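Q: This structure is in structure tokens; I'll ask about it shortly.
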Amino acid sequence: MMPSGSATPIHADYHHSSPFETIHDYSHADKARLEGHIHFQWRNSFFAFRLVVSSGILVLLGAGSVVLHEVTASTTHWCPAIVNATYNARVVSIGVLIEVILVAPALVPSICGLYRMSKRRKVIRRPFLQVCELVVVGQLILYAVQFISWLVHIIQLECHAAEDATTTCTRDKVVAHVKLWSILPTGVLLWWQTTCFCRFRTHLKLQIGSVSDAKHSANLKGWFKRLFTLPTFGRRNQIIRDLRADLFKAAITGDLPHAEELLDQASSLLGADFATKKLYREPNLWLWSLAQSRKNPLHVAVARGDLDMIELFLKYHFDVNALDKVSRVNFNFGQLFKLTRLVVTTQDFAQPASDFVFKSVLVTPLHVAVQLGHVDVVRLLLKPEYHVDVNKLPRASFFYPAAVKPVIFIADQLQVLKLLLAHNTNHLYVVERGSTVMTPYQRNVLTLRTAQSALLVDNGGDVALTPLHAAAAADNEVAVLSLLKSGVAPDILGELVTGIHHRTALHWAAVSGSAKSARHLLVHGADPNAVDSYGRTPLHWAARNNHVDVVLALLEFKADPNVQDANGYPVLCVAAEAEGVSADLVSLLIEAGGDLTFQTQSEGNTPLHIALINENRLTAVALLRNGADIMATNHDGRRAVDCTTSTELQFAVKKEAGSRDVMISYTHAHSPVAKAVRDYLVEHARMTCWMDTMDPSGIGGGAVWREEIARGIFNAKVVVAVVCDSYSRSEWCLKELAFAKLARTPAVILVVDPNGMSSEVESYVRPEFILPFPDFNPDAPVFPDHVIATIRTAMQSKGSPPRPPLTITDGIDAPYRRVFICYSTM
42 MMPSGSATPI HADYHHSSPF ETIHDYSHAD KARLEGHIHF QWRNSFFAFR LVVSSGILVL
102 LGAGSVVLHE VTASTTHWCP AIVNATYNAR VVSIGVLIEV ILVAPALVPS ICGLYRMSKR
162 RKVIRRPFLQ VCELVVVGQL ILYAVQFISW LVHIIQLECH AAEDATTTCT RDKVVAHVKL
222 WSILPTGVLL WWQTTCFCRF RTHLKLQIGS VSDAKHSANL KGWFKRLFTL PTFGRRNQII
282 RDLRADLFKA AITGDLPHAE ELLDQASSLL GADFATKKLY REPNLWLWSL AQSRKNPLHV
342 AVARGDLDMI ELFLKYHFDV NALDKVSRVN FNFGQLFKLT RLVVTTQDFA QPASDFVFKS
402 VLVTPLHVAV QLGHVDVVRL LLKPEYHVDV NKLPRASFFY PAAVKPVIFI ADQLQVLKLL
462 LAHNTNHLYV VERGSTVMTP YQRNVLTLRT AQSALLVDNG GDVALTPLHA AAAADNEVAV
522 LSLLKSGVAP DILGELVTGI HHRTALHWAA VSGSAKSARH LLVHGADPNA VDSYGRTPLH
582 WAARNNHVDV VLALLEFKAD PNVQDANGYP VLCVAAEAEG VSADLVSLLI EAGGDLTFQT
642 QSEGNTPLHI ALINENRLTA VALLRNGADI MATNHDGRRA VDCTTSTELQ FAVKKEAGSR
702 DVMISYTHAH SPVAKAVRDY LVEHARMTCW MDTMDPSGIG GGAVWREEIA RGIFNAKVVV
762 AVVCDSYSRS EWCLKELAFA KLARTPAVIL VVDPNGMSSE VESYVRPEFI LPFPDFNPDA
822 PVFPDHVIAT IRTAMQSKGS PPRPPLTITD GIDAPYRRVF ICYSTM
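Here my numbering is used: the first residue of the sequence shown is 42, the next is one more, and so on.
Here you go:
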């Protein structure tokens, strides 16, 4: 979590560990808890006994002091200042007598209890608690005022020993000094009792699962609302108020059917755009400080992590970028009671005092989801169809600028941070408000978030440098042009010193995708081939972060795509390290002279090798669509497709490249069996398959057709022959096996029907690759593990010996099948 005061506050009551509302009857438990002798209750209490003892001693001292003051009230003193100071002590002594009321919750909790729970598990502040809070705060204020006055009178003392000897007897002097200094032990005992009561109250509050006093209900809010709210004129306004209240309750309780019913009602009565124009307009900041929450149910559903409810609200066109005040403050005396924190430390001392009636922070649903770490909710909100603005700033009271930060500043969860970076959030945003000037990278470094800091560095994170850098990253054209026209050097590397990463403003524009700012910088003479501390140019960073517009601008100003960074990587290799690089961007780099066949000096990896090593599927597909060679090998002889252990990624890459793992050989009369085999291999074993599904009627064969079949066998890793009845009588099936042997493509025989086997079939296949398969059911296909393992073993055995040239031999026309290339029936 962020340090106190630096995070955007989120309403804690929205966040539940379970999406279901559980209601319990606690009346019996409360009764059982209160039963038993009071002596045993005190022995089993952390603070009740201390509260009783401290209150008793304080009241006894106060009573004795009051008696002393009253009995000796006629006694005069030689010094007027002492008389006045004694009067201050007398007022304090009288005031502490009322403190006896604080012992009542510990002695008779059934009558003078502090809290109770509603049926909906809402914390209700009982009236006696509010009385006690007023007493404590009033007593502290009274003591502070009287003590200050007492100190002033003590300082003004101008008494002399000579006057003492002639005008006052010893007994009167002793009484006067006792009355004078009684204020000090009274203050110590008052602090002790206040500490005991505050900790006793906090202990009870924490036991019932509540932390913030601002979330408690004291029934004062309704009274003030009725007092100061104008009456509702018209049925329409009343309907709007009721809809707001009911939707808020439905969102908190997770009542999806009721929420949908209310939304249908609102849509029919108020129109399709009711959410943004009628019910939930963004609140205003009155006097740049005060705001009233709209109780937007979308914010509530996001805080609860209720995906179904969120999708429902978005279906009804709720604005995903709408601001609302989610840290609401209920008006109660608990806010006034926070004054005791000045003198007392309680169990909840670590809780930041962020809830303040005059402090308002308006945030978007994305801010709520990110701060609470709801990964699935963040992923949902970031879907393209919802058009979320990841860089939208909150609005806050003028005296609380620390809350005005983009959402990336409160991303503590690593997966959430990755999602934000993947959706082009400006991670070079510089906070210029408040007491600090920093970027998200600096914030994570200062808070010792090592993984988050490393991730930001990989994506081009940097420290705050100059206003030109910040304006370029934010794509603030006006600020960039103003600074450049005022004479700021476009390639400046920092303010008076060089930044740690040696980056120009053009680097920052390239990292953040600020195409307009990048063009202004280039027009004013920025170097498109300037290198940072990693040896990377702006083109490296723009390509890596998939900013096509910036890449286009840099290439127009002669940026070199073949400049190598400190690791010896040109732009295409650096781009291959990131996921999500588009085919259009790769095409631009190739047209500008980028080399898809470039191999790194150390390992000989091509850009496709690098993409697959990092399991960047989309980037690998983009490279393949631009002509990358899937069969290219590195210095270790490894093909690009072999550089990933993910079978799913291998399948996708082979599919995109047109490579086939399996060629299925079968007789057309048993095509349902062969199709079931193919579908299982594609869907469960993630193997690409080639199979003929064409109707053989009217086929006369031909050289082109025979060549395509032979080429498929030659390029496949394994031929899987589905042997049913009549397989051995098909001359074309036998020729497929014969050519597979000639091309050194291993074959695996699945014997569905032994009648289809013959000695000639067995002569083309290794014995260990002939597998009985009699129980195979095409309607519910299941492969034993050893069958899949054997097919994979056969696939690995291909390619070692040199292959013969591909030769097509004329043979008998076989009107059994045509060849059809397929990937999957999915």
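Note that the Cβ used here is the ideal one computed from N, Cα and C, for glycine as well.
What you are looking at is a predicted structure, and each value in this text was computed from that prediction instead of being measured.
#1: Short of 6 Å in beta carbon distance, which residues of its chain neighbour F817, apart from the five on each side in sequence? Order them along the chain.
#2: Buried or exposed: E809, going by 16 or more other Cβ atoms within 10 Å of its Cβ?
#3: When DSSP builds the beta bridges, which residues end up paired with I705?
#4: Please list the terminal residues of the continuous beta strand (DSSP E) segment that includes Y357.
#5: Any idea what DSSP makes of L181, helix, strand or coil?
#6: Nearest to D670 by alpha carbon, out of T686, T688, N655, I651?
#7: Check the DSSP bridge columns for A788 and list the partner residues they point to.
#8: Give the straight-line distance between the Cα atoms of M350 and I293, rounded to the nearest whole angstrom.
#9: CB L284 to CB A307, shorter than 7 Å?
#10: Within the same chain, show all residues whose beta-carbon is closer than 7 Å to that of R679, passing over the 5 residues directly before and after it, in chain order.
#11: Any idea what DSSP makes of N226, helix, strand or coil?
#12: Reducing DSSP to helix, strand and coil, say where L331 ends up.
#13: Looking at L613: is its Cβ nearer than 7 Å to the Cβ of L630?
#14: Is it buried or exposed, I451, if we count other Cβ atoms within 10 angstroms and call 16 or more buried?
#15: Taking contact to mean at least 3 C-beta pairs separated by less than 8 Å, is the region 213-225 in contact with the region 90-98?
#16: Quick one, are the C-beta atoms of F780 and I811 less than 7 Å apart?
#17: By Cβ distance below 6 Å, which residues in the same chain neighbour S628 in space, the five residues on each side in sequence not counted?
#18: Counting Cβ pairs, one atom from each stretch, are 3 or more of them under 8 Å apart for the region 583-591 and the region 520-528?
#19: Relative to the alpha-carbon of G250, which residue among K163, F241, H340 has its alpha-carbon at the smallest distance?
#20: Is there contact between the region 574-584 and the region 599-610, where contact requires at least three CB pairs shorter than 8 Å?
#21: Along the chain, where does the beta strand (DSSP E) that runs through R166 open and close?
#22: Taking 7 Å as the threshold (C-beta atoms), are T236 and V177 in contact?
#23: Counting only runs of 3+ residues fully inside the region 301-329, write out the beta strand (DSSP E) ranges in chain order.
#24: Going by beta carbon distance, what residues of the same chain come within less than 7 Å of A583, once the five residues before and after it are set aside?
#25: Go through its chain and collect everything with a Cβ distance to R701's Cβ below 8 Å, but skip five positions before and after it.
#26: Could you check where the beta strand (DSSP E) with P813 kicks off and where it finishes?
#27: If distances are taken between C-alpha atoms only, which option among R585, K220, D677 comes closest to V112?
#28: Could you give the distance in angstroms between the alpha-carbon of A567 and the alpha-carbon of N465?
#29: Please report the residue range of the beta strand (DSSP E) in which M158 lies.
#30: By a C-beta neighbour count over all protein chains shown, 10 Å radius and 16 as the cutoff for buried, is G502 buried or exposed?
#31: Is there contact between the region 640-658 and the region 524-542, where contact requires at least three CB pairs shorter than 8 Å?
#32: Give every residue of the same chain whose Cβ lies closer than 8 Å to the Cβ of R131, excluding the five residues on either side of it in the sequence, and list them in chain order.
#33: Would you mind working out which of L722, K336, T317 sits nearest L288, comparing C-alpha positions?
#34: Considering only the alpha carbon of each residue, which of G621, E689, L460 lies closest to E724?
#35: At the level of alpha carbons, what is the spacing between H428 and V361?
#36: Taking A661 and S623 to be in contact with their CB atoms under 8 Å, please state how far apart those CB atoms are, rounded to whole angstroms.
A: Taking the geometry as given:
#1: Same-chain partners within the cutoff: V793.
#2: Exposed, since its Cβ has fewer than 16 Cβ neighbours within 10 Å.
#3: V761
#4: Where Y357 is concerned, there is no enclosing beta strand (DSSP E), given that its DSSP letter is neither H nor E.
#5: helix
#6: I651
#7: V760
#8: 10 Å
#9: yes
#10: none
#11: First, the residue type needs correcting, since residue 226 is Pro and not Asn in the sequence shown. If DSSP states are grouped into helix, strand and coil, P226 belongs with the helices.
#12: strand
#13: In this structure, the beta-carbon distance from L613 to L630 falls below 7 Å.
#14: buried
#15: no
#16: No, the Cβ-Cβ distance between F780 and I811 is not below 7 Å.
#17: The beta carbon of S628 is closer than 6 Å to those of N667 in its chain, skipping five residues each way along the sequence.
#18: no
#19: K163
#20: yes
#21: Unbroken beta strand (DSSP E) run through R166: 164-166.
#22: No, they are not a contact pair.
#23: none
#24: A551, V591, V592, L595
#25: K695, T729, C730, W731, G753, N756, A757, K758, I862
#26: 811-813 is the span of the beta strand (DSSP E), which, as asked, contains P813.
#27: K220
#28: Distance between the alpha carbons of A567 and N465 is about 23 Å.
#29: 156-158
#30: buried
#31: no
#32: S106, V107, H110, K220
#33: Ranked by Cα distance from L288, the first of L722, K336, T317 is K336.
#34: E689
#35: 8 Å
#36: About 12 Å; that fails the 8 Å criterion.
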